[in-house]
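>
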């Protein structure tokens, strides 16, 4: 009989499926996890409107108190970063941070200082960050990069 490996047991190098879920309530996160991704990413960034961020942080805290997952936080230059980090600090289910809009190694260092010994996946989302991708990737504790392409039309 085949044994199912949980996200907490799944080696990062073997993780092929990542599901980004908005923490609008814990049932939404449970439904996302039921799809069986190798890793679930709880989104505190773009998927959450400004007014909904405090509630989303609370749902993320509740979820990661009993389950495992990664958390996508707002960029270090935003007013939301500190609250995002405070919400997930010390949670037993936190597997790592997905740092949105990472522009430089300095962004990674700020995040790493806020959450020591927590793996970071840096999101490369601009031409500037793409130019600095090698330095970002070489900055501990970065374990992966996510390159995101956004097409913005003129009309």
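Residue numbers (this note's numbering): 304 to 458. Even for Gly, the Cβ is constructed at its ideal location relative to N, Cα and C.
1. Let me know the secondary structure DSSP gives residue 323 once reduced to three states.
2. Which residues does DSSP list as the beta-bridge partners of residue 402?
3. Compute the Euclidean distance between the alpha carbons of residue 317 and residue 451, then round it to the nearest angstrom.
4. I'd like to check one pair, residue 399 with residue 382: are the Cβ atoms closer than 8 Å?
5. What is the residue span of the beta strand (DSSP E) that residue 387 lies within?
6. For residue 404, I'd like the list of residues in its chain whose CB is within less than 6 Å of its CB, leaving aside the five on either flank, ordered along the chain.
7. Suppose you measure from the CA of residue 369 to the CA of residue 394; what does that come to, to the nearest Å?
8. Which residue from 386, 449, 440 puts its Cα closest to that of residue 353?
9. State yes or no: is the C-beta of residue 439 within less than 8 Å of the C-beta of residue 408?
10. Short of 7 Å in beta carbon distance, which residues of its chain neighbour residue 388, apart from the five on each side in sequence? Order them along the chain.
11. What whole-angstrom Cβ distance do residue 390 and residue 363 have, given they're in contact under 8 Å?
12. Can you grab the Cα-Cα spacing for the pair residue 356 / residue 443, in whole Å?
Let me lay it out:
1. strand
2. 376, 425
3. 20 Å
4. no
5. Run containing residue 387: none in the beta strand (DSSP E); it sits in the alpha helix (DSSP H), 384 to 391.
6. 378, 428
7. 9 Å
8. It is 386 whose Cα lies nearest to the Cα of residue 353.
9. yes
10. Contacts found: 376, 417, 418.
11. 6 Å
12. Cα-Cα distance, rounded: 28 Å.
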